[in-house]
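Residue numbers (the working numbering), protein chains in the order written: chain W, 1 to 477; chain X, 478 to 935.
For every residue, glycine included, the Cβ atom is placed at its ideal position computed from N, Cα and C.
Each remark here refers to the structure printed beneath this line.
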């Protein structure tokens, strides 16, 4: 009891002073951690900085800045190197460099009279905290709006479960519950903001570690592809969790009183205090306020999303039976094994038409990131098999012609750079694949006529089927 | 209860030395704190103890060899009303609230002896710790052997995405996860539950479980999984357990201040410890029993899918090449409400058929349960895209009887079958002249191929 009273007094005299004298082991460990984390975080690649400052719009600049990643020293080109344990090889190299660096540093500093690394440790913490915050806030806003995983289109609702690649099912499972996606976004933004305040560092670190562990493991589970970038945040969060753990262990497990010795700079001069507060406020405003607004502007005003936005031919949205199909004058009856005759047709709410045949083709397995032009937006088809052909169309409602652009792998391969295409009309770099005249004798019937890209002349009668989707039904008593 | 931080340890120590065995965790309870505690105590005890008939009915009919029966007992819920959805499902909580409030009013006229409340608080924490541990560990075990969220059946791979209920999409998505995802979540639940079994490690365990349960509860609402009341109950007791150490953690972690540890003082007699010495190993022993039962079932049974084997070499997806009924032949059609479009034969004695007519969807909630009549409905739950049939086949007479699984009491379809080659099944009506030719399709699924091979044609 005596002991704790003395320590009590100790607290009042020197708050936030840190541990006065570090042991040699602590110093060695810190040197390792310093090199390890700096290499994981700071881009040493000159190209990165060049690219950063060549961004033409402020959103791109901020987005690149907030998504910065450390240097890639090595990568393994095997399957494991992309999807499995091998993809963490870079961490192994960073680890070895850090071990070697720490030993050299210790050797050089062997005569040094330095008692502690309190100040450097604090600033390393600042670097890690801002790195975590910026990275997670980016993803938080994508979910908050929610555009990271759009609601599955009709094409997906009509695709068989087994015709999806696993990663697409994972994303759809989030996209199909927008409220949940927004919730996850709020949690991620909150987790980021908590990293920016001294008093909430541990809460933020625990939240980040939990959320990002789940995301990293899910990325392994479904081949989502961003496991390393997610897992790195767990490693960054561990830096704080490990520093707080001994105190918590002592307090709860050993049930002993604890005097925390965490170093925080205490500025005696008023102008320094003001500068610190203002700097932090500006950064938070930039990362949350400005970035949040710019994301809003990007998705809702400029409408740059993964999902196409050009409205469909008015009133065409729905699932259609192919009631009649003539190819070069000959009537082909429906046959689910046929590779030429269309089985069914979907008009999305945006200008995409999908028809299905029994024919294999190359499946785009990209993530389907946001693009400038609808014709390049392939989120709706990436990772989905089953013989569906996804076509972007231009509707000329005066001469009643639909001009089709195939959105499939072979056709979008050359136009997947959103930076290159920004502000460009897609007609400058895409040629239409074919065009069909349409007529609409009734609200539920569309007749297509013309020559397709196989030079076959087609006459197709489509009738919309009334369809409700169980996935949109609420279970009630 | 924030007082514990500011209160001097010296005083508490002196009191202890003087034989006044007040625990420092509950030093001076203000009158309102005692009232709030009494309400919380009653409310949580009503929700946690098996006080209605359901539990004892389940106990009476327990099949000791079935992990599902033990699971149901372990995850017993206080439920008085049949409502399952939305806020109405919390009606039983409302009753517990009123009962607890009434009890508090009566109780408040009685003594306010602090030591008595300290003891009750300690007992409540024990009850809640074991209650939460039981739920976390049993749920963890059914994830460790992935039984709670099983892999989808072949029929599901031929069901359009939009034809599942939302919860089934969630289950199937988790069911296809690789990299031991579900198993690891299960392990974390087991870890969290295990930490609750010791008083000192309770708070770390509770923090882990709060993180898991918060997500589970929100997911229950988002996907209509049907366990939102139970998961929010578990989250509630996790938060109540967290409350105990919260002031200390807040002081140490948020305020960065000198923080006193809790000081334990004896609250219970020797008799209590004798009960604990006996009870704890029994509790842990039961969990091991549950573990092995679950493992056994996982190894030998196909639960939640039917156990009975299907016809030899029929597993697969079939195109319905010919379909004639009462002499009338039906061509391929997406819109015809009679013609079969395709058929899946499962590994077990079930076949599912795609027909363009509304599927009576089984809207029930997926539970870890074995029904008393042995009927396993997981495959039909939440699937609105296919018509499901159980079948019995006579392999000598080559006849097959199909019984619809989704509509009880629907007429049995009887066919004789013959198999001219490995991939063809011809069904011929026994009482009418229907003829159905099924042709097995050789198909690989993108789902099984993943995305690792950059050039996949499908």
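For residue i, does the count of other Cβ atoms within 10 angstroms reach 16, so buried, or fall short, so exposed?
i                      : result
residue 751 of chain X : exposed
residue 351 of chain W : buried
residue 754 of chain X : exposed
residue 720 of chain X : exposed
residue 474 of chain W : exposed
residue 559 of chain X : exposed
residue 40 of chain W  : buried
residue 659 of chain X : buried
residue 503 of chain X : For residue 503 of chain X, the predicted model reports a pLDDT of 49, less than 50, meaning its position is unreliable; a value from the coordinates is still stated below. Result: buried.
residue 675 of chain X : exposed
residue 267 of chain W : exposed
residue 921 of chain X : exposed
residue 319 of chain W : buried
residue 423 of chain W : exposed
residue 414 of chain W : Low local confidence applies: a pLDDT of 49 at residue 414 of chain W is under 50, so the model's placement there is unreliable, with the coordinate-based value given in what follows. The residue is exposed, with fewer than 16 neighbouring Cβ atoms inside 10 Å.
residue 748 of chain X : exposed
residue 904 of chain X : buried
residue 103 of chain W : exposed
Assuming residue i and residue j make a contact with CB atoms under 8 Å, what is their CB distance in whole Å?
i                      : j                      : result
residue 845 of chain X : residue 619 of chain X : 6 Å
residue 158 of chain W : residue 346 of chain W : 6 Å
residue 364 of chain W : residue 381 of chain W : 6 Å
residue 670 of chain X : residue 617 of chain X : 6 Å
residue 16 of chain W  : residue 240 of chain W : In fact, because the Cβ distance is near 16 Å, the residues do not count as touching under 8 Å.
residue 863 of chain X : residue 783 of chain X : Not really, about 15 Å apart at Cβ, beyond 8 Å.
Give me the residue from the options with the minimum Cα distance to residue i.
i                      : options                    : result
residue 198 of chain W : W:162, W:213, W:244        : W:244
residue 120 of chain W : W:27, W:392, W:436, W:200  : W:27
residue 354 of chain W : W:145, W:462, W:370, W:92  : W:462
residue 176 of chain W : W:166, W:152, W:194, W:164 : W:152
residue 433 of chain W : W:228, W:406, W:442        : W:406
residue 362 of chain W : W:337, W:179, W:349, W:388 : W:388
residue 655 of chain X : W:169, W:205, W:196, W:57  : W:169
residue 718 of chain X : X:605, X:539, X:528        : X:605
residue 895 of chain X : X:788, X:594, X:840, X:705 : X:788
residue 549 of chain X : X:811, X:591, X:767        : X:767
residue 255 of chain W : X:538, X:531, X:744, X:680 : X:680
residue 18 of chain W  : W:329, W:343, W:436, W:259 : W:259
residue 227 of chain W : W:86, W:447, W:187         : W:86
residue 745 of chain X : X:902, X:592, X:685        : X:592
residue 586 of chain X : X:635, X:565, X:508, X:557 : X:508
Taking C-beta pairs closer than 8 Å, name the residues in chain X that residue i reaches, listed in chain order.
i                      : result
residue 257 of chain W : 486, 735, 736, 737, 738
residue 297 of chain W : Per Cβ cutoff of 8 Å: no residues; residue 297 of chain W is ~28 Å from chain X at best.
residue 200 of chain W : 731
residue 262 of chain W : 733
residue 183 of chain W : 695, 699
Listing by chain order, which chain W residues have their CB less than 9 Å from the CB of residue i?
i                      : result
residue 570 of chain X : Per Cβ cutoff of 9 Å: no residues; residue 570 of chain X is ~16 Å from chain W at best.
residue 449 of chain X : Because chain X in this structure spans residues 478 to 935, residue 449 of chain X falls outside the shown range and cannot be described.
residue 643 of chain X : 176, 177, 470, 471, 472, 473, 474, 475
Note down, in chain order, every chain W residue with its Cβ under 8 Å from the Cβ of residue i.
i                      : result
residue 808 of chain X : 333, 334
residue 635 of chain X : 160, 161, 162
residue 915 of chain X : Neighbours of residue 915 of chain X on chain W: none; closest Cβ ~13 Å, over 8 Å.
What residues of chain X sit near residue i, judged by a beta carbon separation below 7 Å?
i                      : result
residue 476 of chain W : 562
residue 381 of chain W : Correct list: empty, because the minimum Cβ distance to chain X is about 12 Å.
residue 337 of chain W : 796
Starting from residue i, find everything on chain X with Cβ-Cβ shorter than 9 Å and list it in chain order.
i                      : result
residue 390 of chain W : Per Cβ cutoff of 9 Å: no residues; residue 390 of chain W is ~13 Å from chain X at best.
residue 169 of chain W : 638, 646, 649, 650, 653, 924
residue 344 of chain W : 811
Name, please, each residue of chain W whose Cβ falls closer than 7 Å to the Cβ of residue i.
i                      : result
residue 688 of chain X : 210
residue 929 of chain X : 79, 83, 223
residue 623 of chain X : Here the premise fails: no neighbours, minimum Cβ distance about 12 Å.
What residue ranges within the region 250 to 289 of chain W form continuous alpha helix (DSSP H) runs of no fewer than 4 residues, ordered along the chain?
270 to 284
Whole beta strand (DSSP E) runs in the region 554 to 624 of chain X with 3 or more residues, listed along the chain?
none
Considering only residues of the region 789 to 822 of chain X, which uninterrupted beta strand (DSSP E) runs meet the minimum length of 3 residues and lie entirely inside it, listed in chain order?
793 to 802, 817 to 822
Mind pulling the alpha helix (DSSP H) runs of 4 or more residues that sit fully within the region 16 to 43 of chain W?
24 to 41
Ordered list of alpha helix (DSSP H) runs contained in the region 376 to 430 of chain W, each at least 4 residues:
409 to 412, 418 to 421
What are the start and end residues of each continuous beta strand (DSSP E) run of 3 or more residues lying completely inside the region 724 to 800 of chain X, in chain order?
none
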